[in-house]
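Protein chains in written order, with our numbering: chain A, 51 to 408; chain B, 51 to 408.
All remarks here apply to the structure that follows.
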């Protein structure tokens, strides 16, 4: 059975403002010193497992030129542009329709386009394992991440004991839980029964579509229409119509929390969702004072700061725990404790109708 | 007797980097919201007291074009370019020579070009009083500032009781003291016998030259040569020669600390020497959170900060007590507690031979 990958690349990513913009979100940025963008890394690390022609990218219409530019090897027909964003369930139905038309059944890995993974060999082993589990019966597999600290910014997966000997390291999912408070997060960590929800899934097209039919029947109707028109001239018109009718729905809430046969594996491959500028010091090398510095930067008496220069000198004097990001038309200077407030800047820009800066 | 003003405008001013540069020091910057530069303000506030043709500017050769641009009304022959900077004593000898040639004797007010004064009427009254004292006998007058807090960054003037009834508010100077430690500064403030040394002086040309003859005889020889050649073709050659022979000497140390008949007045006219970026919040209006903001700036959860934008948006999030100054080729981000460390940035640039940024 063919192994395919569906990369979800429609995210807006306001959290990397001013580098990310609505026209240029996080997945198309390079946040590491090697210059590769997030989506380029996502594709590259998959290649030992999936053929380029079996990688599908679901994205927004406006990002298609960026994808063509950054990923010239991906066939044009594999880039699937959603007319409007309707969260992950319609995105997955669309990809499933195209893959179902092409291969009838196939294994489908669904992956975010903007996460980093440090240990790629371990990642590939985990994904191979997930594929084996997904091929069996009608299993739906969600890839969990072994927590290393009580993070309050992620959802968690509560799992049961392993069931049988031929499923080593694979656990039945008891329930999905939302982002917890710190106390709860500590409890989850100590229990040894919770994993971080990474948003990575593996299943057969046939398995997930049965669940669409059961839990999201309207979307299943859309799937059938999209499948029928895939590869024909009417495809984009059908997409347009289906998406205008789809409710906005996440795959987690719409299917995963309701379905049976949900399994998880505990991945430990240096996963990072790169959720804010704070991630830069985790994923890159810092200097002896704990600063991550890129570009033309002079630091004097400055520590634990993240400073990304652009085309001109940035001189940082006496700073601690500060993030500086310079771009051609905007400079962000933000206390590390206030990264969540960056969205207020964007709100302010929206109110002032300064579209060019958003 | 004519009243003349000598504006000392040769200062380098590294403390306002990155706005000030060696080619563009503080006196030529606008640091207030009205857009006037420091030297333009200095000249403008003098005009009720001195005719434009009696204002002389001593500066560095390289700043002459800037002065012509910013002060087009000052006659070309009143702009005196020092071949090399040799501190204030040679600067004053040069101006005295030119004024002595033009008017024989005259009152000479010697003034820095880069200080701010809030209450201009009070300033003019104080200067008129100083002129009256200077006209009498061979008095040398230094304008003191009534201290309002124990500043450790200024020199102080220790004065004696008033001598006679016709010299109300005028005091004989006991001694000049260097920048004190905080404890000493508090002592000075509490004693009621110390004023801040503002670097403003008033005397007759004849009075100061007698003191040059007595305490700085080599410089007095130079004065005579410069006076003789003033207005002739040989002037610049004579200047060149004199300045190459002059020792570097301040008027404070070379004459004021040694001479007799030194008087001071206590000025209270909102004087500020604008010694660092910190002055911006003293001399400009701040917002309700204590921020001084200029240019295209968005502040979120930010207080007590100084943010000077340039051509692009600056978004400040969660900052406190931070100074941000953006220019075309460099951005400074500096904790208020570290303004004295800005010079380390310049040292670093010198070591790396990045002349264009200094």
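We treat Cβ as the ideally placed atom computed from N, Cα and C, and that holds for glycine.
Please read all numbers here as calculations on a predicted model, not as lab measurements.
C-alpha distance - residue i paired with residue j, whole-angstrom precision
| i | j | result |
| --- | --- | --- |
| residue 368 of chain B | residue 382 of chain B | 17 Å |
| residue 386 of chain B | residue 328 of chain B | 7 Å |
| residue 337 of chain A | residue 330 of chain B | 33 Å |
| residue 70 of chain B | residue 91 of chain B | 17 Å |
| residue 223 of chain B | residue 243 of chain B | 10 Å |
| residue 163 of chain B | residue 66 of chain B | 15 Å |
| residue 332 of chain B | residue 323 of chain B | 11 Å |
| residue 289 of chain A | residue 127 of chain A | 14 Å |
| residue 218 of chain A | residue 253 of chain A | 18 Å |
| residue 142 of chain B | residue 160 of chain B | 8 Å |
| residue 248 of chain B | residue 73 of chain B | 25 Å |
| residue 52 of chain A | residue 146 of chain A | 13 Å |
| residue 119 of chain A | residue 78 of chain A | 10 Å |
| residue 401 of chain A | residue 380 of chain A | 17 Å |
| residue 157 of chain A | residue 349 of chain A | 50 Å |
| residue 148 of chain A | residue 83 of chain A | 36 Å |
| residue 201 of chain B | residue 229 of chain B | 9 Å |
| residue 25 of chain A | residue 112 of chain A | With chain A covering only 51 through 408, there is no way to say anything about residue 25 of chain A. |
| residue 1 of chain A | residue 150 of chain A | In the structure as shown, chain A starts at 51 and stops at 408, and residue 1 of chain A therefore has no counterpart that could be examined. |
| residue 406 of chain A | residue 364 of chain B | 14 Å |
| residue 205 of chain A | residue 339 of chain A | 33 Å |
| residue 165 of chain A | residue 371 of chain B | 35 Å |
As assigned by DSSP and simplified to three states, the class of residue i
| i | result |
| --- | --- |
| residue 304 of chain A | helix |
| residue 187 of chain A | coil |
| residue 255 of chain A | helix |
| residue 93 of chain A | helix |
| residue 334 of chain A | coil |
| residue 68 of chain A | coil |
| residue 366 of chain B | strand |
| residue 402 of chain A | coil |
| residue 208 of chain A | strand |
| residue 389 of chain B | helix |
| residue 384 of chain B | strand |
| residue 217 of chain B | helix |
| residue 292 of chain B | helix |
| residue 121 of chain B | coil |
| residue 54 of chain A | strand |
| residue 229 of chain B | coil |
| residue 73 of chain B | coil |
| residue 267 of chain B | helix |
| residue 224 of chain A | strand |
Residue i burial status per 10 Å Cβ neighbour count (16 or more: buried)
| i | result |
| --- | --- |
| residue 403 of chain B | exposed |
| residue 210 of chain A | exposed |
| residue 355 of chain A | buried |
| residue 376 of chain B | buried |
| residue 132 of chain B | buried |
| residue 152 of chain A | buried |
| residue 267 of chain B | exposed |
| residue 125 of chain B | exposed |
| residue 140 of chain A | buried |
| residue 298 of chain A | exposed |
| residue 178 of chain A | exposed |
Anticipated Cβ contact below 8 Å, residue i with residue j, distance rounded
| i | j | result |
| --- | --- | --- |
| residue 285 of chain A | residue 279 of chain A | 5 Å |
| residue 309 of chain B | residue 265 of chain B | 7 Å |
| residue 174 of chain B | residue 99 of chain B | 6 Å |
| residue 307 of chain A | residue 226 of chain A | 5 Å |
| residue 108 of chain A | residue 144 of chain A | 6 Å |
| residue 138 of chain B | residue 312 of chain B | Not quite, the Cβ-Cβ distance comes to about 15 Å (not below 8 Å), so this is no contact. |
| residue 76 of chain B | residue 63 of chain B | 3 Å |
| residue 193 of chain B | residue 276 of chain B | At roughly 26 Å, the Cβ-Cβ gap does not stay under 8 Å, so residue 193 of chain B and residue 276 of chain B are not in contact. |
| residue 319 of chain A | residue 169 of chain A | 4 Å |
| residue 196 of chain B | residue 245 of chain B | 6 Å |
| residue 123 of chain B | residue 55 of chain B | Not confirmed; about 13 Å, so no contact. |
Beta-bridge partners of residue i, as assigned by DSSP
| i | result |
| --- | --- |
| residue 316 of chain B | B/194 |
| residue 309 of chain B | Paired residue(s): none; residue 309 of chain B is not in a bridge. |
| residue 285 of chain B | According to DSSP, residue 285 of chain B bridges with nothing at all. |
| residue 353 of chain A | A/370 |
| residue 273 of chain B | None; residue 273 of chain B has no bridge partner. |
| residue 132 of chain A | A/110 |
| residue 376 of chain B | B/381 |
| residue 344 of chain B | B/358 |
Within chain C, partners of residue i - CB distance below 9 Å
| i | result |
| --- | --- |
| residue 403 of chain B | Of the protein chains in the structure, A and B, none is chain C. |
Distance cut-off 6 Å: residue i Cβ against heavy atoms of the ligand SAM
| i | result |
| --- | --- |
| residue 370 of chain A | This structure does not include the ligand SAM; it has no bound ligands of any sort. |
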